[in-house]
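Accompanying notes for the structure given below.
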Amino acid sequence: KDGSDQVSLFRRIVQVKYSFPPGGVVNAAAQDLVQRLIVRRQSDRFGCLEGGDQDIRDHAWFSVIDFEKLLRKEVLSPWIPQIRDPLDASHFDSYKHIEDEGPCMKPPLNPQKQKLFHGF
123 KDGSDQVSLF
133 RRIVQVKYSF
143 PPGGVVNAAA
153 QDLVQRLIVR
163 RQSDRFGCLE
173 GGDQDIRDHA
183 WFSVIDFEKL
193 LRKEVLSPWI
203 PQIRDPLDAS
213 HFDSYKHIED
223 EGPCMKPPLN
233 PQKQKLFHGF
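Quick note: the sequence shown, position 60, residue 182 per our numbering, numbers continuous.
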């Protein structure tokens, strides 16, 4: 396939090396974060190492985010989409055509972390 559909595009991304656009369009911190997140081997990927998700939150690219305020829902969204009703998913891409890759390899969240999602 030529990469014209999302599945073949995904396969090409996984198999091919990438480069960032020239001219500083993507800053150094963002480039570093992307490079750490797209490591093919899950056990070597940023966020899957000993520090877990804290490694990601501590990364320089997220330095302007106050995660405590975010958890308390005190951060205003920079964009609020117009929706027709609470179930309107028109602003999301459709992934119906992608095959189920099987169960998640990560263990379930512990009760303390699960509480963070209470009310969502």
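All C-beta atoms, glycine included, are put in the ideal place defined by N, C-alpha and C.
Cβ shell of residue i (< 6 Å), same chain only, five flanking positions each side left out
{"i": "P233", "result": "none"}
{"i": "L159", "result": "F168"}
{"i": "V197", "result": "K191"}
Opening and closing residue of the alpha helix (DSSP H) in which residue i lies
{"i": "D154", "result": "150 to 159"}
{"i": "Q204", "result": "Premise fails: Q204 is in no alpha helix (DSSP H) and is neither H nor E."}
{"i": "L131", "result": "128 to 137"}
Check whether residue i and residue j have beta carbons under 7 Å apart
{"i": "A182", "j": "A152", "result": "no"}
{"i": "P203", "j": "H213", "result": "yes"}
{"i": "L171", "j": "D180", "result": "no"}
{"i": "V148", "j": "F142", "result": "yes"}
Whole-angstrom C-beta distance between residue j and residue i, which should lie under 8 Å
{"i": "L193", "j": "L238", "result": "7 Å"}
Close Cβ partners of residue i (< 8 Å) along its chain, the five nearest in sequence each way excluded
{"i": "F242", "result": "none"}
{"i": "I205", "result": "S212, H213"}
{"i": "Y140", "result": "I160"}
{"i": "G174", "result": "none"}
{"i": "Y217", "result": "Q128"}
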